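*Asks:* Okay, so the sequence shown: first residue is 20 according to this note's numbering, each after it adds one.
Ideal Cβ positions, reconstructed from N, Cα and C, are used throughout, including at glycine.
Since we're looking at a predicted model, the values are computed, not measured.
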Amino acid sequence: MLNDDIVSPGKGFDTHPHSNMEIITIPLEGDLSHRDSMGNERIIKQGEIQVMSAGTGIRHSEYNARNDIEVKFLQIWLFPREKELKPRYDQKMIRELGRENELINILSPEKNDKGVWVNQDAWFYMGFYSVDTTESYNVTKKGNGIYLFVLKGSVTLDGEQLDERDAMTVEGEDKLDFNIKAGSEILIMDISMTSQ
């Protein structure tokens, strides 16, 4: 499940519980203040990715960390591959994981990859493009599909133009080829198309 949320200055979500869920947060504008029952007190800044693996249970709160602007963020929830694991937290700066004008692996099920890792067969990529680019993407796991979300700019896929905040789901394909306009930012989620 993907939520595209906006939180007003000084507002947010009071302490609430989660269990057996992989929760990924990506601020697009502004910063989020995070506090949880594992003792983490962090600011999730624009340009970072955070994962909270709720496992056996966790309580947390999230608030707009600023009093002058809205915070706009994506929050993606994935069912875990295994349940009742120990909760865990991770957070990284996305642009430090790769380079401009190419897809950057920001999330995977592999602990040793540069990005954050999740307890699920999922791979997320982001791209920040300053020049027109033709990009190819190979689906990582047989049976997975692709969810392509245009955060900024414009992408053409299978002859269809996707503009800012447009998205497309692609199933049953092993490889995607798409054209990206300069000034675009995209998110690719390579995930199972069946419920767990």
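Going by DSSP in three states, GLU115 sits in which element: helix, strand or coil?
*Replies:* Helix at GLU115.
*Asks:* Which of the three DSSP states, helix, strand or coil, is assigned to PRO36?
*Replies:* Here PRO36 sits in strand by DSSP.
*Asks:* Please specify which runs of the beta strand (DSSP E), each continuous and at least 3 residues long, are wholly inside the stretch 57 to 92, giving them in chain order.
*Replies:* Whole beta strand (DSSP E) segments, 3+ residues: 60 to 63, 67 to 72, 77 to 83.
*Asks:* Taking C-alpha atoms, which residue in ASP209, TYR156, GLY49, LYS160 lies nearest to GLU89?
*Replies:* Here the closest residue by C-alpha is GLY49.
*Asks:* Pairing CB atoms from the stretch 73 to 91 with CB atoms from the stretch 109 to 120, are three or more of them under 8 Å?
*Replies:* Contact fails: fewer than three Cβ-Cβ distances are below 8 Å.
*Asks:* If we count the other Cβ atoms within 10 Å of its Cβ and call it buried at 16 or more, is SER127 buried or exposed?
*Replies:* Result: buried.
*Asks:* For LEU116 and ALA201, I'd like the C-alpha separation in whole angstroms.
*Replies:* Spanning the two alpha carbons is a distance of roughly 20 Å.
*Asks:* Touch check for the stretch 152 to 169 and the stretch 96 to 104: three-plus C-beta pairs under 8 Å?
*Replies:* Verdict: no, contact absent.
*Asks:* Would DSSP call PRO46 helix, strand or coil?
*Replies:* The answer is strand: DSSP assigns PRO46 an E or B state.
*Asks:* Over what stretch of residues does the beta strand (DSSP E) that includes PRO121 continue unbroken?
*Replies:* With the sequence shown as reference, residue 121 is identified as Glu, and Pro is not the correct amino acid for it. Counting along the chain, GLU121 falls outside any beta strand (DSSP E), and DSSP gives it neither H nor E.
*Asks:* In terms of residue numbering, what span does the beta strand (DSSP E) encompassing GLU154 cover?
*Replies:* Start and end: 152 to 157.
*Asks:* With H, G and I counted as helix, E and B as strand and the rest as coil, what does DSSP make of ALA186?
*Replies:* If DSSP states are grouped into helix, strand and coil, ALA186 belongs with the strands.
*Asks:* Report yes or no: do three or more beta-carbon pairs, one from the stretch 129 to 148 and one from the stretch 38 to 47, lie closer than 8 Å?
*Replies:* These segments touch.
*Asks:* Where does ASP24 fall in DSSP's three states?
*Replies:* DSSP places ASP24 in strand when its eight states are reduced to three.
*Asks:* Would you call MET145 buried or exposed, if buried means 16 or more other Cβ atoms sit within 10 Å of its Cβ?
*Replies:* That one is buried.
*Asks:* From THR188 to LEU195, what distance separates their C-alpha atoms?
*Replies:* For THR188 and LEU195, the distance between alpha carbons rounds to 11 Å.
*Asks:* What residues in its chain sit with their C-beta under 6 Å from that of LYS160, if we drop five residues either side in the sequence?
*Replies:* Around LYS160: ASP140.
*Asks:* Could you check if MET57 is buried or exposed, using at least 16 other CB atoms within 10 Å of its CB as the buried criterion?
*Replies:* By the neighbour-count rule (16 or more Cβ atoms within 10 Å), MET57 is not buried but exposed.
*Asks:* According to DSSP, what are the bridge partners of GLN94?
*Replies:* GLN94 is bridged to ASN22, THR44.
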